[in-house]
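As structure tokens, the structure follows; a few thoughts come after it.
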Amino acid sequence: MRMKYSNKLFCFSPPVMLATFIIEFSFAIYTLWRYKIDTVSRLAVSVLVALGVFQLAEYMVCGGLGLTNIDWARIGYVSITLLPALGIHMLSALAGKKNLALIGAAYATCAAFVVYYITNMGAISGPTCYANYAVFNTNHSIIQWFGAYYYGWLMIGTYLAWQWGIEKPKKRMALHSMMIGYLAFLLPTTTFNILDPTTLSGIPSIMCGFAVLLAFVITLRVLPASCSVRNSVQNVFEKLPTNLWGR
1282 MRMKYSNKLF
1292 CFSPPVMLAT
1302 FIIEFSFAIY
1312 TLWRYKIDTV
1322 SRLAVSVLVA
1332 LGVFQLAEYM
1342 VCGGLGLTNI
1352 DWARIGYVSI
1362 TLLPALGIHM
1372 LSALAGKKNL
1382 ALIGAAYATC
1392 AAFVVYYITN
1402 MGAISGPTCY
1412 ANYAVFNTNH
1422 SIIQWFGAYY
1432 YGWLMIGTYL
1442 AWQWGIEKPK
1452 KRMALHSMMI
1462 GYLAFLLPTT
1472 TFNILDPTTL
1482 SGIPSIMCGF
1492 AVLLAFVITL
1502 RVLPASCSVR
1512 NSVQNVFEKL
1522 PTNLWGR
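Numbering of the sequence shown is given in the numbering used here, commencing with residue 1282 and proceeding in unit increments.
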């Protein structure tokens, strides 16, 4: 079912959702093209794709094409549930640390919520579109636990990025950039909620709207400081036939 909006373009209106999806998927494709595939680049692509899938799901919830709005809401929730665990794994890879217990705990809690949102028919009901953002109505018995999972791992990740960056000077640029990326969407979202408490029900939408800032940080700061380059624009031109340039 297509839901109509006013003609005004607000911060998280459907056109912005679609534009954000395009940006995040473009960054993922660019990463695959430019950098050699290793643990960090794979995890970066996974984060970018998860962010993009949420924006697409949110757009489809509000645009009404394809699956039902409940199905798209479920897809969106699964995609954002992956982000904290992927972030912890990526930080560990950037720091060169094999924290199996930490990573395992992050993925175990992630898996529990993913299974819940996929299998529990009452987990998500009646997502609603507003002019500024989408609200996903979730089971009240789980939302506090989900909030603790989400904010808990994000805050742990922010601290670890700072601490490991101090411990490892050669990795400092990438790790502290990740910390900045986390704060770039955590602080605006929190400020948004403090200024207007009615936006609390739209936290997933608002947070992932600001999370495009994390996508920019990963692409423009973290990856250049941590991954080996495979392709560049210069290499592309060098591989072109010389007669194209009149030589």
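Cβ atoms here follow ideal geometry from the backbone N, Cα and C, with glycine treated the same way.
Could you check whether Gly-1446 and Val-1498 sit closer than 7 Å to each other, using their CB atoms as the reference points? No. Outside cutoff.
Quick one: using the 10 Å Cβ neighbour count with 16 as the cut-off for buried, is Leu-1329 buried or exposed? Buried is the call here.
State buried or exposed for Gly-1428, treating a residue as buried only when at least 16 other CB atoms are found within 10 Å of its CB. So Gly-1428 ends up on the exposed side.
Does DSSP put Ile-1405 in a helix, a strand or coil? Residue state, collapsed to three classes: strand.
Counting along the chain, where does the alpha helix (DSSP H) carrying Thr-1400 start and finish? Bounds of the alpha helix (DSSP H) holding Thr-1400 are 1381-1400.
Using 7 Å as the threshold, is the C-beta distance between Ala-1386 and Leu-1363 below it? Taking 7 Å as the Cβ cut-off, Ala-1386 and Leu-1363 do not qualify as a contacting pair.
Can you tell me which of the three DSSP states Asn-1512 falls into? It is coil, neither helix nor strand.
Please name the residue or residues paired with Tyr-1316 in a DSSP beta bridge. In DSSP, Tyr-1316 forms a bridge with Val-1510.
In three-state DSSP terms, what is Pro-1295? Three-state DSSP puts Pro-1295 in a helix.
For Val-1321 versus Ser-1458, is the C-beta spacing smaller than 7 Å? Result no, Cβ atoms of Val-1321 and Ser-1458 do not sit closer than 7 Å.
Beta-carbon separation (whole angstroms), Met-1402 vs Tyr-1340, contact threshold 8 Å: With a Cβ gap of about 24 Å, Met-1402 and Tyr-1340 do not count as contacting.
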